[in-house]
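Working notes for the structure below.
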Amino acid sequence: PLNASFYNSGLRPGLNRLDNGWYYAILENKGSSTYLSLILLKNAYKIDNNYLNNSFHSDFNIPDHVGIESVGKSGSVEVQAIHAKPAFHLSVSRTTASTEDVGIGWLASLALLIVGITLLFSLLKRGMNQIEQQLGWLTSIALFLMTLFGLRYLSIIYAFPQSFYSLELFSPAQYATSGLMSSLGDYFLNSLITFYAMLVISKKAKDKFINPDRVRHIDSTGFRYKNVIIGTAFVIVCLALLHFYDYLFEGLVLHSNISFNINNFFDLTVYSFFAFTSIGLFLFSLYLFFDFIAHFFLAHTATQQIISLSGGGLIYIVIALLLGLQLAWAVILPLLVLVLLLWSLRFNYVASADLPSGGYPLTTILVILIVSSIYVSQLTFLNSEIKERAQRELLADKLSVEKDQIAEYFFGEVAKKIKSDTVLKRMILADSLVPEQMVTRLKAVHLTDFWRKYDLQLTVCNEFDSLLIETENTAWSCVAFFAAQIEKFGQPTDAGELYFMDNNNGRISYLAKIDFGNTSLYVELDSKLIPEELGFPDLLLDFEEADQVRAGLKKYSYARYLDGLLVDQSGEFKYNTSLIFSSATSPVEYLTYKGYHHLIRNVDTRSTIVLSKPSNTLLDGLVRFSYLFAFSCLGGLLLYAFRNRRMRFLFTEMNFQQRIQYSMILILLVSLVPIGLGTKYYMENRYNTKNQENIKEKIQSVLIEVEHKLADESVIDKTLEDYLSFLLTKFSIVFFTDINLFDLNGNLLATSRPEIFSQGLIGTKMNVTAFTEMAGNKQTEFVHKEKVGNLEFLSAYVPFRNKDNEILAFLNLPYFAKENTLQKEISNFLVALINFYVMLIIAAVFIALFLSNNITQPLRLIQQRLSTIRVGQRNEQIDWKGKDEISALVQEYNRMVEELSRSAELLAKSERESAWREMAKQVAHEIKNPLTPMKLSVQHLERAWKDKAPDWDKRLKKFSKTIIQQIDSLSTIATEFSDFAAMPKANIETIDLVQIVNDVIELYNDKEHAQITQKTPEPISDKEAVIRADREQIIRVLNNLIINAIQATASDGVITVEVEIVGDTCVVSIQDNGTGIPNSEKDKIFTPSFTTKTSGKGLGLAIVKSIVENSNGKVWFESEEGKGSTFYFAMPRS
């Protein structure tokens, strides 16, 4: 803003302080002309609000807290202009906030912070892995946690690194508590570090402790007190952690200025994003802990789980009652969350066994996201309600105070200036008073800036004037009337001429009596209840307390009652004329009435203040849930991308069914973005078009009124300034808009809003673009966008003509469309769209499950039949009706089954022939072994007979013994061959494996050179080790394995037989401390091989393998040469 006359502007080359900022002026004289160039250094408005920020020009990239000085001081930095001349100095006051607002530098610093933390995490993890190899996993985790949290503690204590702690994110202006959560930045870093630590620890602990086969099979029988105690302890710990999470969330909401109003998307800021990200990371850290605990908890029986949940919940409720906690908040909600999470995890561990990647099924992910979103939504609502009530009560307290100490302090100086104002004195003493001109003069010169929050009424009285009181229909002496008002309601103030009027009219009221000789000017000041919506709505609101109160009232409907009668109201809610919903039993009351939630503040026995806002509805809760669910899905996607940094595409790790499910959801999510952006663009375009039409229509209406009043003027100049200001103020009230009038040179003639110009927010020169169009291009109408600070608005210009069609001036109408109206429309649309898509996604999951099951059912059937195909057995064909791609696949499968059956018959025949030939060779070879000594014995005996040997009797006995031994050997070979070739048909029955093991062990207790013992890792009940098999065959298996173990041990042999329940199987192990099995023989240990050796490696193990596998079991062994062997066989439980 510059003075029209350069010589009166006070400008000088170099640094200049104008009304709206610091400028650097460059003057250059060329001939008779002087050229002035101003460079904006920093905005410096008298008003500080969201639209007017005292910031440096964006080209300089200097923080706002840096000050500008013409004279250098200690610690300031000199800035030089061209030719190395000192221009000005920059300084930073110690009392100035040292935080940086959100911008490119802010985001760059934050990005560097996150990159640095990521590198630190990577370094610590690598070091932990190296320590684990040397000192063990427990020591490595302990050192990892000590290092990680130790560094974090030191960074908090010493605010290191300082460059990051200078960010607004770490400013206490956003969030502040004592201790380790002293700022939002600290809160965010703590959540990030906690999440990473929990991620590392849970993975290490799972790898160390968790048996994947154990957690996928949920036991449904039995009862063990040990499991119940452990499960109850788990529940109590989980509930305590959830309550601690509630405490963290509560502190973040109550002790911050961050917006958590998810229902209005445009109320959220970048700090809201960091807040929700932080609580999301803390919640996911809890989930990682629950996920680890669930591996143990869900392996218990259903009965044990129910008892543990009930017992743990009951104990925690008792603790909560003893500590005075609110049950609905501190216990019931976390307990419900815990139950739902454990249920989803239970489903996960059962279903994830079918996933090829071992990941989470889609239904489990959906349940976890829904539960988490509902939980966070409810916590957000509860804590926000507490905070909102406290703020509403504070606002009501401020409204209940009807005195304005600052106004009383300022009015003393204002009264002196009014008395010395000769122009105003002339108006008052003139024969014909024009009150409007006096009001305009007072507002423009004396009652500016601070006094905008008061409505002004003037009355000029002398001793002969009278007033007609309409309510009483009587005439009063003007002086006597005001004297009576002062005597009845007035309270003297330090300002002398100013009286506080204690009239309980619902406003802060003052009456000033200013004497001009025998004439008195009475100035009545009544505070405005709500911010002006006329013209610049928010631009003139300061961050001062009074304006904060007015701004706070925007969110509420307001009413004040005096003696139970309504004296003032504002807002959308229509109050009753009499107070009907207050019992006055307490200073503050709350109630819900006609869809609104009301705070009733009983100031005293006569005065009551009511602040009301719309009640929360189910739709509001649905909106919160929808936004949080969408945010959770996005966060989950980012976490997945982080964990798969090698860019492995998700679909490559999914089965066909999962691809169908995720494809449907992905299509919905992808379509959400263009639909949302397209609709937002359409709404904004339609809104702008509507505003253009409104401003054009309004400026034509204003022009008609102005032309009607000024049509006879031939010249419009400064001589008509007061009259023009009066007219424009009057029309601005009628048309509810600001109006400016410029002369043909672009200089301001009059305005309805002088504060905008007196504050230096706008210069008195017409906008250069508009002036070019109107004066240069002779436009009849011009509308474009202008900007004051950060406030952008439409501005319309039309030429004003007199009755002779001469252009005398340019009429300007700034149109301040309510941005919050557009934001509300867009927000409502986004709410409806996201709600629709959330419901659609949830429905799509179940539809996708149904469709994918139907589509993949024939594929699963083919997969099942393929898995059951056995060569040499009868394989079923698939009966499929239909003529589609699946039908062709089924036909090929059936053809393959037929060909396989024919090939199997031929192969079986060939194999039988080959096997019998091989067996015949082995039998012939084994029979030759005893026949050779038998032949030799007969030859020796025959020779002895011929030689008439004297020891004939002795030789005959020896011969007989040898022959009998060899015949026994042949009998054994024949028996084993018979058993292997013709295994009797199994007689399947229900048997107790533990009892059979005990009976078999009893048979071998008398073995002198071997000690046989039995043990079980955990007590096994009567029904836990029940299997379906042939009793005699299982006894034979145990006999063969125990005999093998006895034969493999020396005289001091120790044999241990162990029975263990693992999931849905019974595992029996026979361990010996014998010689072990050489590596060269391990591959052939179960191969049928006839031998006369007594080491147990004949057909016995082949028979064991045949019996176990025919009973749907599995047999294997572990052996180390020189240390012993352990043979296992596992049978499915009945």
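Just so we're aligned, residue 135 is where the sequence shown starts under our numbering, counting upward by one.
Each residue gets a CB set at the ideal place from its N, CA and C atoms; glycine is no exception.
- State the Cα-Cα distance for the pair residue 1189 and residue 1133, rounded to the nearest angstrom. Here residue 1189 refers to the residue found at position 1055 of the sequence shown. Here residue 1133 refers to the residue found at position 999 of the sequence shown. Between residue 1189 and residue 1133, the C-alpha separation is close to 16 Å.
- Please check the pair residue 931 and residue 945, which I expect to be a contact at CB under 8 Å, by giving their CB distance rounded to whole angstroms. Translated into the one-based positions of the sequence shown, residue 931 becomes position 797. Translated into the one-based positions of the sequence shown, residue 945 becomes position 811. Their Cβ separation, rounded to whole angstroms, is 7 Å, which keeps residue 931 and residue 945 in contact under 8 Å.
- Query: Buried or exposed: residue 1144, going by 16 or more other Cβ atoms within 10 Å of its Cβ?
  - Reply: As a working mapping, residue 1144 is identified with position 1010 in the sequence shown. Burial call: buried.
- Any idea what DSSP makes of residue 798, helix, strand or coil? Within the sequence shown, numbered from 1, the residue matching residue 798 stands at position 664. It is helical.
- Message: Using a Cβ distance threshold of 8 Å, determine whether the stretch 257 to 267 contacts the stretch 311 to 329, with at least three qualifying pairs required.
- Response: no
- Query: Which word fits residue 1206, buried or exposed, when buried means at least 16 other C-beta atoms lie within 10 angstroms of its C-beta?
  - Reply: Residue 1206 sits at position 1072 when you count from the first residue of the sequence shown. Residue 1206 is buried by the Cβ-count criterion.
- With C-beta atoms as the reference, is residue 339 less than 8 Å away from residue 426? As a first step, residue 339 must be located in the sequence shown, where it is residue number 205. As a first step, residue 426 must be located in the sequence shown, where it is residue number 292. In this structure, residue 426 lies closer than 8 Å to residue 339 by Cβ.
- Query: Considering only residues of the stretch 890 to 974, which uninterrupted beta strand (DSSP E) runs meet the minimum length of 3 residues and lie entirely inside it, listed in chain order?
  - Reply: 916 to 922, 925 to 935 and 941 to 949
- Query: If we count Cβ pairs, one from each stretch, closer than 8 Å, do we get three or more for the stretch 918 to 925 versus the stretch 824 to 832?
  - Reply: no
- Message: What does the alpha-carbon distance come out to for the pair residue 507 and residue 410?
- Response: The sequence position of residue 507 within the sequence shown is 373, counting from 1. The sequence position of residue 410 within the sequence shown is 276, counting from 1. Looking at the two C-alpha atoms, the distance is approximately 11 Å.
- Query: Going along the chain, which residues of its own chain have a beta-carbon closer than 6 Å to the beta-carbon of residue 229, five neighbours each way excluded?
  - Reply: Residue 229 sits at position 95 when you count from the first residue of the sequence shown. Its pLDDT being 47, under 50, residue 229 is placed unreliably by the model, and nothing is read from it.
- Does DSSP put residue 1243 in a helix, in a strand, or in coil? Counting from 1 along the sequence shown, the entry for residue 1243 is found at position 1109. Note: residue 1243 maps to helix in three-state DSSP.
- Among 799, 1061 and 1096, the one whose alpha carbon lies nearest that of residue 1074: Translated into positions along the sequence shown, residue 1074 becomes position 940. Considering only alpha carbons, the answer is 1096.
- Near residue 391, which residues of its chain fall below 8 Å by C-beta distance, leaving aside the five closest residues on each side in sequence? Taking the first residue of the sequence shown as position 1, residue 391 is located at position 257. Contacts found: 307, 308 and 309.
- Query: So the alpha helix (DSSP H) residue 366 belongs to, where does it begin and stop?
  - Reply: As a position in the sequence shown, residue 366 is number 232, starting the count at 1. First-last of the alpha helix (DSSP H) with residue 366: 359 to 388.
- Per DSSP, residue 1162 forms a beta bridge with which residues? Indexing the sequence shown from 1 puts residue 1162 at position 1028. In DSSP, residue 1162 forms a bridge with 1124.
- Message: Within 10 Å of its beta-carbon, does residue 651 have 16 or more other beta-carbons around it, so buried, or fewer, so exposed?
- Response: In the sequence shown, counting from the first residue as 1, residue 651 sits at position 517. Flag for residue 651 reads exposed.
- Residue range of the beta strand (DSSP E) that includes residue 162: By one-based count along the sequence shown, residue 162 stands at place 28. Residues 155 to 164.
- Message: I'd like to check one pair, residue 574 with residue 863: are the Cβ atoms closer than 8 Å?
- Response: Indexing the sequence shown from 1 puts residue 863 at position 729. Indexing the sequence shown from 1 puts residue 574 at position 440. Contact: yes.
- Message: My parser needs the alpha helix (DSSP H) runs of 4 or more residues fully inside the stretch 528 to 563; what are they?
- Response: 539 to 553 and 556 to 563
- Run of the alpha helix (DSSP H) containing residue 286, from where it starts to where it stops: As a working note, residue 286 is residue 152 in the sequence shown. Residue 286 -> alpha helix (DSSP H) spans 271 to 291.
- Mind checking which residues open and close the beta strand (DSSP E) that includes residue 86? Nothing in the structure corresponds to residue 86, since the chain is present only between 135 and 1268.
- Query: For residue 392, does the three-state DSSP call read helix, strand or coil?
  - Reply: Residue numbering aside, residue 392 sits at position 258 when the sequence shown is read from its first letter. The answer is coil: DSSP assigns residue 392 none of H, G, I, E or B.
- Per DSSP, what kind of secondary structure is residue 735 in: helix, strand or coil? Translated into positions along the sequence shown, residue 735 becomes position 601. Note: residue 735 maps to strand in three-state DSSP.
- residue 225 beta carbon less than 8 Å from that of residue 204: As a first step, residue 204 is located in the sequence shown; it is residue number 70 there, counting from the start. As a first step, residue 225 is located in the sequence shown; it is residue number 91 there, counting from the start. Result no, Cβ atoms of residue 204 and residue 225 do not sit closer than 8 Å.
- Task: Determine the closest residue to residue 933 out of 923, 927, 914 and 926, with distance taken between C-alpha atoms.
- Result: To locate residue 933, count along the sequence shown from 1; it is residue 799. Nearest of 923, 927, 914 and 926 to residue 933, Cα basis: 914.
- Message: Quick check: the Cα distance between residue 656 and residue 617, rounded to an integer number of angstroms?
- Response: To locate residue 656, count along the sequence shown from 1; it is residue 522. To locate residue 617, count along the sequence shown from 1; it is residue 483. Going by the C-alpha atoms only, they are around 11 Å apart.
- Message: By alpha-carbon positions, which one of 1071, 221, 1102 and 283 ends up nearest to residue 1091?
- Response: Start at 1 with the first residue of the sequence shown, and residue 1091 comes out as number 957. Per the Cα distances, 1071.
- Message: In whole angstroms, give me the CA-to-CA distance for residue 1201 and residue 1123.
- Response: Reading the sequence shown from its first residue, position 1067 is the one you call residue 1201. Reading the sequence shown from its first residue, position 989 is the one you call residue 1123. Going by the C-alpha atoms only, they are around 18 Å apart.
- According to DSSP, is residue 765 helix, strand or coil? Counting from one through the sequence shown, the residue named residue 765 turns up at place 631. In this structure, residue 765 counts as helix in the three-state DSSP scheme.
- Residue interval of the beta strand (DSSP E) (run including residue 722): Counted from its first residue, the sequence shown places residue 722 at position 588. Taken as a continuous stretch (DSSP letters only), the beta strand (DSSP E) holding residue 722 covers 722 to 727.
- In three-state terms, what does DSSP make of residue 580? Position 446 of the sequence shown holds residue 580. Residue state, collapsed to three classes: helix.
- Query: So which of 1237, 297, 174 and 402 has the shortest CA-CA distance to residue 242?
  - Reply: To locate residue 242, count along the sequence shown from 1; it is residue 108. Looking at the Cα atoms, 297 is the closest of the given residues.
- From the DSSP output, which residues share a beta bridge with residue 223? For the purposes of this step, residue 223 is taken as the residue at position 89 of the sequence shown. Note: residue 223 sits in a beta bridge opposite 203 and 212.
- Query: Do residue 330 and residue 412 have their CB atoms nearer than 8 Å?
  - Reply: Within the sequence shown, residue 330 is the residue found at index 196, counting from 1. Within the sequence shown, residue 412 is the residue found at index 278, counting from 1. It is not a contact, given that the beta carbons lie outside the stated cut-off.
- Item | Any 3 or more C-beta pairs closer than 8 Å across the stretch 751 to 758 and the stretch 503 to 521 | yes
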